[in-house]
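Visitor:
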């Protein structure tokens, strides 16, 4: 038997418990995103924003966005770094973030760009010396469409937005030609 007072409290407790359960489910679903699980990684949009910021604060850097298909989620940002007035003999191309679920790769690329721009005080002198005779073309996030899906929780995604597995994109019977 339930007393009259308990009968009035029970529906409120049940509603409260139901709300807590709903919020727990919602927070559990949200915790499966990259931002919740790995807040120390930059999102695709964070990377793009950071590159835009650097393009206005770093005299050596120019930023170009390549987007042949017209889908903004697949635009590739290409960074060129060259000391103003220099005639570099060393030309370097570096691609980061090709495999969308390897989140650390794009972080390494972003750190390299910041270092070359002198934002890492411990590396600023060395970066300036390197840029005297070297220039860089860098893609920090080579697979932004799929990385965005990884950021939303598809942590096992191996393919690009066209379904191509970039680790397995070889003919089965490939042989070196003589």
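Numbering (full-length UniProt numbering), first residue to last: 1 to 178. Note that the Cβ used here is the ideal one computed from N, Cα and C, for glycine as well.
Does the Cβ-Cβ distance between residue 50 and residue 88 come in under 8 Å?
Guide: No, they are not a contact pair.
Visitor: Excluding sequence positions up to five away, which residues of its chain have a Cβ less than 7 Å from the Cβ of residue 107?
Guide: Within the same chain, residue 107 has close Cβ partners 41, 42.
Visitor: Around the C-beta of residue 160, are 16 or more other C-beta atoms found within 10 angstroms, so that it is buried, or is it exposed?
Guide: Residue 160 should be labelled buried.
Visitor: Buried or exposed for residue 100, please, with buried defined as at least 16 other CB atoms from any protein chain shown within 10 angstroms of its CB.
Guide: Its Cβ being crowded by 16 or more others within 10 Å, residue 100 is buried.
Visitor: The beta strand (DSSP E) spanning residue 149 covers which residue range?
Guide: Careful: residue 149 lies outside any beta strand (DSSP E), inside the alpha helix (DSSP H) at 144-151.
Visitor: In the DSSP assignment, find the alpha helix (DSSP H) that holds residue 46 and state where it starts and stops.
Guide: Looking at the DSSP string, the run of the alpha helix (DSSP H) that includes residue 46 is 44-57.
Visitor: My assumption, with CB atoms under 8 Å, is that residue 32 sits in contact with residue 153. Please give the rounded CB distance.
Guide: With 8 Å as the limit, residue 32 and residue 153 qualify as a contact, their Cβ atoms being about 4 Å apart.
Visitor: Thinking residue 86 and residue 137 are a contact (beta carbons under 8 Å), I'd like their distance in whole angstroms, please.
Guide: Not quite, the Cβ-Cβ distance comes to about 15 Å (not below 8 Å), so this is no contact.
Visitor: Are residue 148 and residue 62 touching if we call contact CB-CB under 8 Å?
Guide: Cβ atoms of residue 148 and residue 62: not closer than 8 Å.
Visitor: Please determine, among 158, 53, 64, 67, the residue with the shortest C-alpha to C-alpha distance to residue 119.
Guide: With distances taken between Cα atoms, residue 119 lies closest to 53.
Visitor: Contact defined as beta carbons within less than 8 Å: I believe residue 131 pairs with residue 82. What is the distance between those atoms, to the nearest angstrom?
Guide: That belief holds up - the Cβ atoms of residue 131 and residue 82 are roughly 7 Å apart, short of 8 Å.
Visitor: Helix, strand or coil, according to DSSP, for residue 134 in the structure here?
Guide: Strand.
Visitor: Name the two residues that bound the continuous beta strand (DSSP E) containing residue 37.
Guide: Looking at the DSSP string, residue 37 is not in any beta strand (DSSP E); the run it does join, the alpha helix (DSSP H), is 34-37.
Visitor: Once you ignore the five residues that flank residue 105 on each side, which residues in its own chain have a CB closer than 6 Å to its CB?
Guide: The residues are 96, 97.
Visitor: Going by DSSP, what residues sit across from residue 159 in a beta bridge?
Guide: Per DSSP, 165.
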